[in-house]
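What follows is one structure encoded as structure tokens, with my remarks underneath.
Structure representation (structure tokens):
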């Protein structure tokens, strides 16, 4: 899987990491779709499943270069570097755009998912009753998840660890949105907003040589929650990658058909024309999180009337499709260069 990468390839790999990170942050969008469409999904899964007993032996024995090569470290480090940048930059921009241009942001993502379905299915020729059934099951699961009611917030550390495991499903399984799963589990704001803000504030305090946060029990609690969530995410990445690598080797056609189904089902989550339902108290007052943001409870979907805003939204859907097709063309050119 490892190959010599040019500087351009490395830059684009960081940008792909940015794309994956941004997609993972948005409820309804899967970072795994970015990996699948951009043509590095199998290398991503293969590299993650190399984090195994042999890798830890190399690490414990101080053979750091061998460990780095064994896990395809250059590839993973560039990709995760892009995700890390995204987490503190692109995702912030997306938060702003969703608040102020919600319909158009969802329209772009809706178009990108339609383009992804075309991209993944156009070369898939192994349709039979098994793959057809897998497709139907994938669609059913994806749609069912999109209409579930969210649970209440739960900061129990064991549950937070479980949330970490589940949340990375969007990175390893195209069509499953880890952030939307966190909304259903009730912990989206806790884990992807409040805890991240706590970490950001902590870094700011340390840089200004202010360690008063060590006496703030709420800050310490949020940092513990983030640490446990991160450990759960790492455990989930490694576990899912081993499982998916086995499934891709032995049941590739069924897996691909299921992934197509999951992605089709996820269209229910990113349907652009929906009203955001915010969590409110018994008196009807909307509840805010610690950073002053409204807490999302669910979405109410509807069929739009034909007016100027709707036509703009359709235009953004087409833009989303074009973005995916452009990624496909770039991927084909890259593969030809390496061949």
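Numbering (our numbering), first residue to last: 7 to 345.
Ideal placement from N, C-alpha and C gives every residue a C-beta, glycine not left out.
Query, Result
"Can you list the alpha helix (DSSP H) stretches of 4 or more residues lying completely in the segment 238–273, in chain order?", "258–271"
"Are the CB atoms of residue 177 and residue 30 within a distance shorter than 8 Å?", "yes"
"Among 171, 220, 196, which residue has its Cα nearest to the Cα of residue 238?", "171"
"Helix, strand or coil: how does DSSP classify residue 69 here?", "coil"
"Report buried or exposed for residue 14, applying the criterion of at least 16 other Cβ atoms within 10 angstroms of its Cβ.", "exposed"
"Using only CA atoms, which one of 235, 115, 275, 130 lies nearest to residue 173?", "235"
"I'd like the list of long-range same chain contacts for residue 225, defined as Cβ closer than 8 Å, with 5 residues on each side in sequence excluded.", "204, 207, 208, 219"
"Any idea what DSSP makes of residue 120, helix, strand or coil?", "helix"
"Give every residue of the same chain whose Cβ lies closer than 6 Å to the Cβ of residue 222, excluding the five residues on either side of it in the sequence, and list them in chain order.", "none"
"Can you tell me whether residue 281 is helix, strand or coil according to DSSP?", "strand"
"If we cut at 8 Å on Cβ distances, does residue 216 have a partner in chain C?", "Any reference to chain C falls outside this structure, which holds one protein chain only."
"Considering only DSSP beta bridges, list what residue 307 is partnered with.", "280"
"With a threshold of 8 Å, are at least 3 pairs of Cβ atoms found where one atom belongs to the segment 307–327 and the other to the segment 185–194?", "no"
"Taking the continuous alpha helix (DSSP H) assigned at residue 77, which residues delimit it?", "Residue 77 -> no alpha helix (DSSP H), and no H or E assigned at all."
"What residue range does the alpha helix (DSSP H) around residue 107 cover?", "Counting along the chain, residue 107 falls outside any alpha helix (DSSP H), and DSSP gives it neither H nor E."
"For residue 44, which of helix, strand or coil comes out of DSSP?", "coil"
"Would you kindly check if the distance between the Cβ of residue 267 and the Cβ of residue 116 is under 8 Å?", "no"
"On the three-pair Cβ rule with 8 Å, is the segment 52–67 touching the segment 239–249?", "yes"
"Starting from the C-beta of residue 64, find all residues in its chain whose C-beta is less than 7 Å away, skip the five residues before and the five after it, and write them out in chain order.", "72, 73, 76"
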